[in-house]
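J.: Mapping of the sequence shown onto mature numbering (1 follows the signal peptide of the UniProt record, and there is no 0): residues -23 to -1, 1 to 872, in sequence order.
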Amino acid sequence: MRLLPTLVLFCSVILLSACSEQAQRAENIQDTSEVPGIRPALDQLSQAEAIARKARVSEISYLLDIDLVSAADAYQGRVTLQFDLTDNDTTLDVDFTGGSVLAVIANGETLEPEYNGYFITLPESALKVGGNEIVIDYQHPYDQDGTGLHRFVDPEDGLTYLYTYLWPYYSNRLFPNFDQPNLKATYELTVRAASDWQVVSSTTEDSITVDGDSRLWHFPRSEKFSSYIFSLHAGPYQIWEDMAGDVPIRLMARQSLSEYVAVDEWLAYTKAGLAHYAEYFEIPYPFVKYDQIIVPDFLIGAMENVAAVTFSESYVDRGASNRFNSQRRAGTILHEMAHMWFGDLVTMNWWNGLWLNESFATLMSSIAVSQATEFEDLWHDFYLSENLSAISADNAVSTHPIEVSVASTNDFFNVFDAITYDKGASVLNQLSHYIGRENFRLGVSSYLTQYSWENTELADFMDSLSEQSGIDLNLWAQDWMYQAGVNTIEARFSCDANGISRFAILQTAPDEFPTLREQRVQLGLFSLGDAGGIEPIAVIPVEIVGAETQVSDVVGLPCPDLAIPNYEGWGYTELSLDDVSMDTIIEGDALGRINDPLLRSMIWTALFDAPDNGQMENNTLLETLIESLSRESNDRIIRQTLAELVSNLNKLERLGANYSAELASNSSKAEQQLWQIISAGVYLDAEGSRQSESTLNLRLSNYIRIARSDVALTNLAGLLDGSVQIEGLNLGQNTRWNIIRRFSSRNYISARELLAAERERDSSDAGRRAAIAAEAALPDLAIKQDWVNRILDTDNPLPLSNLRAAMGSIFPTGQEDLQLALLPQLAENLTELAVSRDNYFQQSYGRDLFSGICSEQGLQLVSAAISDRELIGATLYRFISENEQKAADCVSMKR
């Protein structure tokens, strides 16, 4: 979350009253924030406030009683807080956002509640040194934005489901508490729920009592952990149960979704993961059971609530699954599971430690997936997903060091990004090679053992690794954790009659981030063999230090045709190929000779960068990509190259009329080539050539994304109505909606009729959101204006999940004229949205509504909109500035 900016009035006549109230409140907040010792009335907690409270409060327990049946739109609760206090010299705040405080009793004394909508203030006169007991009766509306206690009514069967999302600063929406990660507490819970509901929390219920038309669930006192990983979920969930050794495990989902859940697969990955981590960490699973709940409208992929992990329904396939989706499920299941040890058992002290929490879980899940599941080639995906995603983020204007200060919970989004997850994981992976994999594992085990049930800082983790490896990592940490940017390495060598005479690895850094880092990589040297393949000459580890690292070990070896100084992706670095290697790839057809899929992917990445580096014409790259469609057999590389093809064709369309002939030619070739392959269906021929169902669906999903011509769109219409049949292709509901949305964005002749028919066919929640996306994509200014008005409506907002569906589809490639017509309205509301809307809304707004711009006029509008960073706040600025950078690059290409 990010700090709210000072409000500047921008009020229409309709919104004047509401804006005036907001302005008055903002003025009051500014006044109080300047008074030392007085906490401003904001939906946030500063690090300074957390530090001060931590110094006073300890030994916390919560006794919770929550009623989910007495009111339709709100829940009622009583919380008894018990804690020790070091002094009663000043007041003490209890965090509680957006509810009503009905009564407060402090140490037996009834108080008049002092509550400002964000926290309850306990007067010093009601507090005492030592043990305190505070009883608070409260009420809170169910949330509709995916945070706090979220309420969802299934449109298919009318059943109601509840779940919590409390990270980072939302547990105080569920109940009043000290909502900071380093004030760990125990939790005892009683819940009144409907008689046919299941209730889930961090422990297993020890009693269920019938009480009239409802039931009372009691959950015994838990272990001590942070408030953001507490949870409460309730509803008529479908439940599947099993055992993982001696750990009870359950999987839950909505009734109407249950038929699509890959239950056997999900439970198999769960069992494999629990066994793997207990052995890897040398610590048994630390909690009494392990539940996984698949929930609707979820804001993120998954959340590591103690023993009750929540997952987005995006991990459920409503149609044919594929290897990628199965691996994605396995990765996320094992990512969240890793948090049970690293995050829940041992927890960061404050939110600046989020990166270590998340990047560690990403690395651990990668190790677990590669060792404990069928996806032994996971490191290929790690390179494509984590490494390349991190490098892209490091090249954006919003890049930042891995370890950054987080002044308040509203600055949370500054560290909730690809740098946190992907670069952090890539750097930790590089560190594991630097000190040795086993030293890394033993250091992690020692860290978790030493700090179980406690809070830690980065230094604690690094000290554990240093002690185990015998390597002082202080300088390493300074270079890698506290400096932004990514380095580039390149092989530089010369040869004579005796082979390699000199070999060095050069390291460079961008001007704005000039740090040269030390890391351990693998150098791979290869030659073009007589049999038509690529043959290895040598693969050796090299420790890179400074601007130039001499590699004397390879002197005298045969001169290579191809040199890869980050072979197998040990390091975190960009790779620039030397001239000899680039000639081998372009002239020597190296791509057709390399059997190693990861190496092929790394070479493709170098080719993608070649036009920007002046090593290849962009049209040559497109021709190479199209040519590869029929001969590439590895699904990961097919996905990689198709994504690049889609991106390049979209870029040509954004560049406009001067590139229309190039777009038409390449688009037509790509459509024809890909449709020919898709039309062959699922097959395995005598020569071993094959197209699996998974590969077929992968190619079809990208064909939908590139379809522009009437022929291509008609092909898709045939798939939709069944007049075109392809062997082995089962058109799932998600694919049907992707086709409908493409028809909308391309203004296909019967797009509206097909949309209406599909909306009638699919009445599910996912179908409702897909219909919104398809409608918003129509090239109709009136429809888009209506959706912009709904997006900006703060008085009667639609559920955030619906708004995100619209924002993600409203401006597809080819509709910049409509986007330009609406940009002024979108830009002039930024200041108000920074105050009135949640950071998750702001993320979608800034990322989606300002993307794809490639005109001088659009660039000027975007630049003006974000000219005052303080006015629009950090979240909107961050995502819009990234789009400004992309727009500037596109406009520069046009010029």
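Ideal Cβ positions, reconstructed from N, Cα and C, are used throughout, including at glycine.
Which runs of the alpha helix (DSSP H) at least 4 residues long sit entirely within the stretch 228 to 309? Give them in chain order.
T.: 240 to 258
J.: Could you check where the alpha helix (DSSP H) with Ile768 kicks off and where it finishes?
T.: 758 to 769
J.: If contacts are defined as beta-carbon pairs under 8 Å, then His195 and Thr167 qualify, I think. What distance do you get, rounded to the angstrom?
T.: 5 Å
J.: Which runs of the beta strand (DSSP E) at least 3 residues long sit entirely within the stretch 149 to 206? Give them in chain order.
T.: 162 to 171, 175 to 177, 184 to 188, 191 to 196
J.: Let's test the definition: count the other Cβ atoms within 10 Å of the Cβ of Trp520 and tell me whether it reaches 16, buried, or not, exposed.
T.: Correcting the residue identity first, residue 520 is Glu in this sequence and not Trp. Exposed.
J.: Rounded to the nearest angstrom, what separates Asn572 and Ile511 at their Cα positions?
T.: 8 Å
J.: Determine the extent of the beta strand (DSSP E) in which Arg55 is found, giving its start and end residues.
T.: 51 to 62
J.: Is DSSP giving Phe472 helix, strand or coil here?
T.: The question names Phe, yet the displayed sequence has Cys at residue 472. It is a strand residue.
J.: Could you name the residues of the same chain whose beta carbon sits closer than 7 Å to that of Asp321, not counting the 5 residues immediately before and after it, in chain order?
T.: Phe202, Ile206, Glu281, Val283
J.: From this set, Ala249, Asn674, Asp42, which residue's C-alpha is nearest Arg198's C-alpha?
T.: Asp42
J.: Assuming Pro789 is part of the alpha helix (DSSP H), what are its boundary residues?
T.: Unbroken run through Pro789: none, as it is neither H nor E.
J.: Between Val106 and the rest of its own chain, which residues show a CB-CB distance below 8 Å, the 5 nearest in sequence each way excluded?
T.: Leu62, Thr63, Asp64, Asn65
J.: Return helix, strand or coil for Asp131, following the three-state DSSP convention.
T.: coil
J.: Using the beta-carbon count (16 or more within 10 Å), is Ile277 buried or exposed?
T.: Ile277 is classed as exposed because its beta carbon has fewer than 16 other beta carbons within 10 Å across all chains shown.
J.: Measuring CA to CA, which of Asp456, Trp430, Ile541 is closest to Leu408?
T.: Of the listed residues, the one whose Cα sits closest to Leu408 is Asp456.
J.: Give me the Cβ distance between Asn816 and Thr852, rounded to the nearest whole Å; I'm assuming they're in contact under 8 Å.
T.: 5 Å
J.: Going by the beta-carbon positions, is the gap between Asp410 and Ala349 smaller than 9 Å?
T.: Looking at the sequence shown, residue 410 is not Asp but His. No. Outside cutoff.
J.: Taking the alpha-carbon positions, what's the Asn93 to Leu19 distance?
T.: 9 Å
J.: Could you name the residues that DSSP lists as bridge partners for Ser385?
T.: Secondary-structure assignment with DSSP links Ser385 through a beta bridge to Ser23.
J.: Going by alpha carbons, who is nearest to Phe337 out of Ala29, Ser208, Arg305, His316?
T.: Selected option, being the one with the closest Cα: His316.
J.: The beta strand (DSSP E) spanning Phe393 covers which residue range?
T.: Per DSSP, Phe393 belongs to no beta strand (DSSP E) and is neither H nor E.
J.: Among the candidates Phe96, Glu91, Ser813, whose CA atom is the shortest distance from the CA of Thr74?
T.: Phe96
J.: Specify whether the stretch 371 to 379 and the stretch 412 to 429 touch according to this definition: at least 3 beta carbon pairs, one from each stretch, less than 8 Å apart.
T.: no
J.: If you follow the beta strand (DSSP E) that Ala345 is part of, which residue opens it and which one closes it?
T.: Counting along the chain, Ala345 falls outside any beta strand (DSSP E), though it belongs to the alpha helix (DSSP H) covering 331 to 349.
J.: Leaving out five residues before and five after Pro756 in sequence, what residues of the same chain have Cβ atoms less than 7 Å from its Cβ?
T.: Asn724, Gln792, Leu795
J.: Suppose the cutoff is 6 Å on Cβ atoms and the five residues either side in sequence are ignored; what does the same chain contact list for Leu340 look like?
T.: Ala402, Leu405, Asn406
J.: Answer yes if the stretch 225 to 237 comes into contact with the stretch 260 to 269, meaning at least three C-beta pairs across the two stretches below 8 Å, and no otherwise.
T.: At 8 Å Cβ cutoff, the stretches touch.
J.: Skipping 5 residues on each side, what residues in its chain have a beta carbon closer than 7 Å to that of Phe352?
T.: Gln304, Ala307, Val346
J.: CA-CA distance, Tyr214 and Phe275?
T.: 16 Å
J.: Find the nearest neighbour of Leu136 within the set Trp174, Leu602, Asn159, Ile310, judged by alpha-carbon distance.
T.: Trp174
J.: Please list the terminal residues of the continuous alpha helix (DSSP H) segment that includes Pro574.
T.: Per DSSP, Pro574 is one residue of the alpha helix (DSSP H) stretching across 574 to 586.
J.: With C-beta atoms as the reference, is Ser204 less than 9 Å away from Leu143?
T.: Closer than 9 Å, so yes.
J.: Between which two residues does the beta strand (DSSP E) containing Thr87 stretch?
T.: 86 to 88
J.: Beta strand (DSSP E) containing Phe96: first to last residue?
T.: If you look at Phe96, you'll find it in the beta strand (DSSP E) that goes 96 to 99.
J.: From this set, Asp183, Thr247, Tyr138, which residue's C-alpha is nearest Leu209's C-alpha?
T.: Tyr138
J.: Can you tell me the Cα-Cα spacing of Glu489 and Tyr459, whole angstroms?
T.: The straight-line gap separating the alpha-carbon atoms of Glu489 and Tyr459 is approximately 14 Å.
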